[in-house]
Amino acid sequence: MEVALKRHDEILKKTVNQNNGHVFKTVGDAFCCAFTHALDAVKAALTVQLIIKEEEWKTSRPIRVRMSLHTGAARERDNDYFGPPVNRVARIESLAHGGQVVMSRATAELVRDILPEGVWIEDKGSHRLKDLARPEEIFQVNHSDLPSDFPPLKSMDVLPNNLPAQTTPMIGREKELETVRKLFDKENCRLVSLVGRGGMGKTRLALQVAADMVDKTRDGTWFVDLTSITQARDVAQETARVLGISQKSETDPVDSVAEILSDKDMLIVLDNFEQVMSAYKVVVAWLKCSPGVRFIVTSREALNIRGEHVFHVPPLSLPGVGLSSILSQFEATRLFIDRACASKPDFTVNNENAPVVAEICSRLDGIPLAIELAAARIRLMNPRAILKRLDTRLKLLTGGPNDMPERHKTLRACIDWSYDLLTEDERTIYRYLSVFYGGISLLAASAVLQPIFEDELEVLGGIESLVDKSLVYRKPPIDDEPFFGILETIGEYGYERLKESEEDESAVHRFTDYFLSLVSEAGKALDGPEQKGWIDKISANQENINYTMVHLSDAGDGAAVISMTRYLVPFWIMWNEFSICREWILKALEFCPDSEGQDTAWLTMQMGWLSLSIGTYKEAEDSLKKALEIFQTNADDTGEATCLMRLGEAQYQYGGFSKAMKYWKESVVISERIHEANLNALTHQFLGNIYIREEKVQEAQREYQIALDSYLGCGNE
Numbered sequence: 003m004e005v006a007l008k009r010h011d012e013i014l015k016k017t018v019n020q021n022n023g024h025v026f027k028t029v030g031d032a033f034c035c036a037f038t039h040a041l042d043a044v045k046a047a048l049t050v051q052l053i054i055k056e057e058e059w060k061t062s063r064p065i066r067v068r069m070s071l072h073t074g075a076a077r078e079r080d081n082d083y084f085g086p087p088v089n090r091v092a093r094i095e096s097l098a099h100g101g102q103v104v105m106s107r108a109t110a111e112l113v114r115d116i117l118p119e120g121v122w123i124e125d126k127g128s129h130r131l132k133d134l135a136r137p138e139e140i141f142q143v144n145h146s147d148l149p150s151d152f153p154p155l156k157s158m159d160v161l162p163n164n165l166p167a168q169t170t171p172m173i174g175r176e177k178e179l180e181t182v183r184k185l186f187d188k189e190n191c192r193l194v195s196l197v198g199r200g201g202m203g204k205t206r207l208a209l210q211v212a213a214d215m216v217d218k219t220r221d222g223t224w225f226v227d228l229t230s231i232t233q234a235r236d237v238a239q240e241t242a243r244v245l246g247i248s249q250k251s252e253t254d255p256v257d258s259v260a261e262i263l264s265d266k267d268m269l270i271v272l273d274n275f276e277q278v279m280s281a282y283k284v285v286v287a288w289l290k291c292s293p294g295v296r297f298i299v300t301s302r303e304a305l306n307i308r309g310e311h312v313f314h315v316p317p318l319s320l321p322g323v324g325l326s327s328i329l330s331q332f333e334a335t336r337l338f339i340d341r342a343c344a345s346k347p348d349f350t351v352n353n354e355n356a357p358v359v360a361e362i363c364s365r366l367d368g369i370p371l372a373i374e375l376a377a378a379r380i381r382l383m384n385p386r387a388i389l390k391r392l393d394t395r396l397k398l399l400t401g402g403p404n405d406m407p408e409r410h411k412t413l414r415a416c417i418d419w420s421y422d423l424l425t426e427d428e429r430t431i432y433r434y435l436s437v438f439y440g441g442i443s444l445l446a447a448s449a450v451l452q453p454i455f456e457d458e459l460e461v462l463g464g465i466e467s468l469v470d471k472s473l474v475y476r477k478p479p480i481d482d483e484p485f486f487g488i489l490e491t492i493g494e495y496g497y498e499r500l501k502e503s504e505e506d507e508s509a510v511h512r513f514t515d516y517f518l519s520l521v522s523e524a525g526k527a528l529d530g531p532e533q534k535g536w537i538d539k540i541s542a543n544q545e546n547i548n549y550t551m552v553h554l555s556d557a558g559d560g561a562a563v564i565s566m567t568r569y570l571v572p573f574w575i576m577w578n579e580f581s582i583c584r585e586w587i588l589k590a591l592e593f594c595p596d597s598e599g600q601d602t603a604w605l606t607m608q609m610g611w612l613s614l615s616i617g618t619y620k621e622a623e624d625s626l627k628k629a630l631e632i633f634q635t636n637a638d639d640t641g642e643a644t645c646l647m648r649l650g651e652a653q654y655q656y657g658g659f660s661k662a663m664k665y666w667k668e669s670v671v672i673s674e675r676i677h678e679a680n681l682n683a684l685t686h687q688f689l690g691n692i693y694i695r696e697e698k699v700q701e702a703q704r705e706y707q708i709a710l711d712s713y714l715g716c717g718n719e
């Protein structure tokens, strides 16, 4: 067989090249080819079939190749092609039998009047494809020297299923489809739960997996919509109705279905399971009695039963910063563009609105439902107008199509559905978590929820439950502690609920208190042995900290703004966040009550350090000298020693080595007197650098040893 496959590949490659085409991808023994002209593709396909027919194959069965042709605009990337036409031609190919060549109407219209002699096309009628989108009119390509009598096409119309047709194409999800299909390829994998928050596209993904597997099951694939079901018993009744199982009044419907399923080979999709979670026992019973039946469950939380494989449905892929010029490569922006064009056919993406479209999709967290609702607004608004209104997205994103489920006609209704299924404690925790931006540590959540839940483990249990219900998600741990996130869209809804319950002021107050304390603790510990852990914590909470500072500034709490700024400047400079650093230093200086006070001195010195970091030497020296004068006036030894150290840095960077040594030696005298070990160590280290420049090795070694001893003495390794 290996020899036959090699010969098969040779025939394909050679014939495609001879007919002005090229093979852009192979998947197993399948060849994906592109042609500029449709007629060239027809000639190549028929030539391959003729060669294969005449070839003497030394195999137990003759080689038969099925082929499909389709025409459309595809996107090329990395020598591969992507887009709806590529997916469509694969669906058309799945209809055919070995030795058969079929094509779409799009291709047939291009070639029907220019076909070579002895070649004709035969209309095979309209067929539903596995993509579940609009039916495709299929044509068979015939040649006088090739067989033309084949069994009926293997379309959705002739295979057992009840999968509903979809009015819009599925955008993206290729990776997710492949992952779920591979799960079912595993031995003993018979239950896959597609879990995700509302509007994430779980149902559409489940339908597509079911469609792709329809010809791999003897008894078909069946879709059971549980949207209107509220009782566990009704799950079995609805499943029986879909499968056409007649029930006797005295027989439990669970048992009736189990009896029928016992010898079946089929796939059943149980859609919208979250409101009947107690019916997990029904699924367990069916799994036990029907070894040939597989299940897909869509839900906002997993069933948590043995044998379940959970797949968390992610948001659509989003373009990163600076990638708005290639929107078509990302699922979220492709979906927006597709639905916007459906709403307003003359909508186009250009250099001006492409970054706006990318930001809309990013602000909507890549949630398919939210993106579709936003794109529908293109009828009346341009992208920039939509973006400006996303701060009130729950009001903006309404008016879904009439054929959508009620819970999907507005973004708020979609989240309402999830909220209503929560317990009272879960609702409370969800509301309070909505004050967070970017990340949620267990300690921070416990602090915000302290008056209601005194036990940290109780808070953790509630958060884990919200994770299970797809309202909160896990992030990588920070300093070995659990860390969570909440999508902007989900957070906005929670904050609305928080305000409705009149809990927002107290929640925000505890939130800002916590992060004010966290920043203070981090600033004091930055030079200590736990430096890395604190850097990680502050980095992970930058959005929370920024919100805290804005809130405190707006509230006129100058003392808090000054304190946080002073502690955060080293972090901002470390991360090259120079703009935000400058902005907050200037704002903090405005809050300083005394232009000659200690806060003014420290902030002015930090402005000098910032100027030094960005290379504006004159500004740096002016600020540092001004700060030094205030420190000396106020007899602030720590401030004076620190400022002298920074002045030495400024001189060193700009070649004033003798002045740098003078400043540093003065700083060392003070830091030794007041026992500022870290400052003393750093300054001795700088002195060592100068001696190295002067090639005074012994002096440098002495300074470095003093620095090392000081660092170790204060636990800064």
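The sequence shown runs 3 to 719 under the working numbering. Note that CB positions come from ideal geometry on N, CA and C, so glycine has one too. What you are looking at is a predicted structure, and each value in this text was computed from that prediction instead of being measured.
Item, Value
"Of all the options Ala-637, Thr-618 and Cys-645, which has the alpha carbon lying nearest to the alpha carbon of Ala-629?", "Cys-645"
"CB-CB under 7 Å to Glu-276, same chain, minus the five flanking residues each way: which ones, in chain order?", "Ser-301, Arg-302, Glu-303 and Leu-423"
"Express the C-alpha separation of Leu-398 and Ala-376 in angstroms, rounding to a whole number.", "8 Å"
"Go through its chain and collect everything with a Cβ distance to Asn-163's Cβ below 6 Å, but skip five positions before and after it.", "Val-216, Gly-222 and Thr-223"
"Does the stretch 535–542 touch the stretch 579–586, meaning 3 or more C-beta pairs lie closer than 8 Å?", "no"
"Report the residue from Cys-34, Trp-122 and Leu-161 whose alpha carbon sits nearest the alpha carbon of Arg-130.", "Leu-161"
"Can you tell me whether DSSP reads Leu-396 as helix, strand or coil?", "helix"
"Rank Val-29, Tyr-706 and Ala-287 by C-alpha distance to the C-alpha of Glu-261 and give the top, closest one.", "Ala-287"
"Do Ser-625 and Ser-615 come within 8 Å of each other at the CB atom, strictly closer than that value?", "no"
"Please give the ranges of any alpha helix (DSSP H) in the stretch 220–248, keeping only runs that are unbroken, at least 4 residues long and fully inside the region.", "234–245"
"Going by beta carbon distance, what residues of the same chain come within less than 7 Å of Ser-522, once the five residues before and after it are set aside?", "Ser-565 and Tyr-569"
"Mapping the DSSP letters down to three states, classify Gln-51 as helix, strand or coil.", "helix"
"Rank Ala-622, Ser-448 and Glu-705 by C-alpha distance to the C-alpha of Met-663 and give the top, closest one.", "Glu-705"
"From what residue to what residue does the alpha helix (DSSP H) around Arg-512 run?", "506–527"
"Can you give the beta carbon distance from Glu-483 to Leu-451, rounded, assuming they're within the 8 Å contact cut?", "Not quite, the Cβ-Cβ distance comes to about 16 Å (not below 8 Å), so this is no contact."
"From Thr-412 to Ile-307, what distance separates their C-alpha atoms?", "33 Å"
"Tell me whether Met-576 is buried or exposed, calling it buried when 16 or more other Cβ atoms sit within 10 Å of its Cβ.", "exposed"
"Are there 16 or more other CB atoms within 10 angstroms of the CB of Lys-16, so buried, or fewer, so exposed?", "exposed"
"With distance defined between alpha-carbon atoms, name the residue in Ala-637, Ile-676 and Gln-687 nearest to Tyr-654.", "Gln-687"
"On the CB-based measure, 16 or more other CB atoms within 10 Å of its CB, does Asp-214 come out buried or exposed?", "buried"
"Report the partner residues of Ile-140 according to the DSSP bridge assignment.", "Ser-106"
"Mind listing, in chain order, the continuous alpha helix (DSSP H) runs of no fewer than 4 residues lying wholly within the stretch 519–604?", "533–542, 544–556, 560–576 and 580–593"
"Would you mind giving the Cβ-Cβ distance between Asn-636 and Ala-590, rounded to the nearest angstrom? I have them listed as a contact below 8 Å.", "Contact flag wrong, Cβ pair sits at about 18 Å."
"What is the rounded straight-line gap between the Cα of Trp-419 and the Cα of Val-18?", "53 Å"
"Between Trp-586 and Glu-504, what straight-line distance do the alpha-carbon atoms span, to the nearest angstrom?", "31 Å"
"Grab the span of the beta strand (DSSP E) containing Pro-478 for me, first residue to last.", "475–480"
"When the Cα atoms are used, what is the spatial distance from Gly-496 to Ser-508?", "15 Å"
"Just the C-alpha distance for Arg-175 and Leu-392, rounded to the nearest angstrom, thanks.", "25 Å"
"Taking one C-beta from the stretch 366–383 and one from the stretch 101–118 each time, how about it: are there three or more such pairs within less than 8 Å?", "no"
"Where DSSP assigns a beta bridge to His-72, which residues make up the other side?", "Its beta-bridge partners do not exist; DSSP assigns none."
"May I ask you to list the residues that DSSP assigns as paired with Lys-27?", "Cys-34"
"When the Cα atoms are used, what is the spatial distance from Phe-572 to Val-474?", "One detail in the question is off: residue 572 reads as Pro in this sequence, not Phe. The straight-line gap from Cα to Cα measures roughly 32 Å."
"Please state the DSSP three-state secondary structure of Met-268.", "strand"
"In three-state DSSP terms, what is Asn-163?", "strand"
"Alpha carbons only, please: which of Thr-232, Thr-49, Asn-548 and Thr-61 is nearest the one belonging to Asn-5?", "One detail in the question is off: residue 5 reads as Val in this sequence, not Asn. Taking only the C-alpha atoms, the option nearest Val-5 is Thr-61."
"Can you tell me whether Leu-489 is buried or exposed, with buried defined as 16 or more other CB within 10 angstroms of its CB?", "buried"
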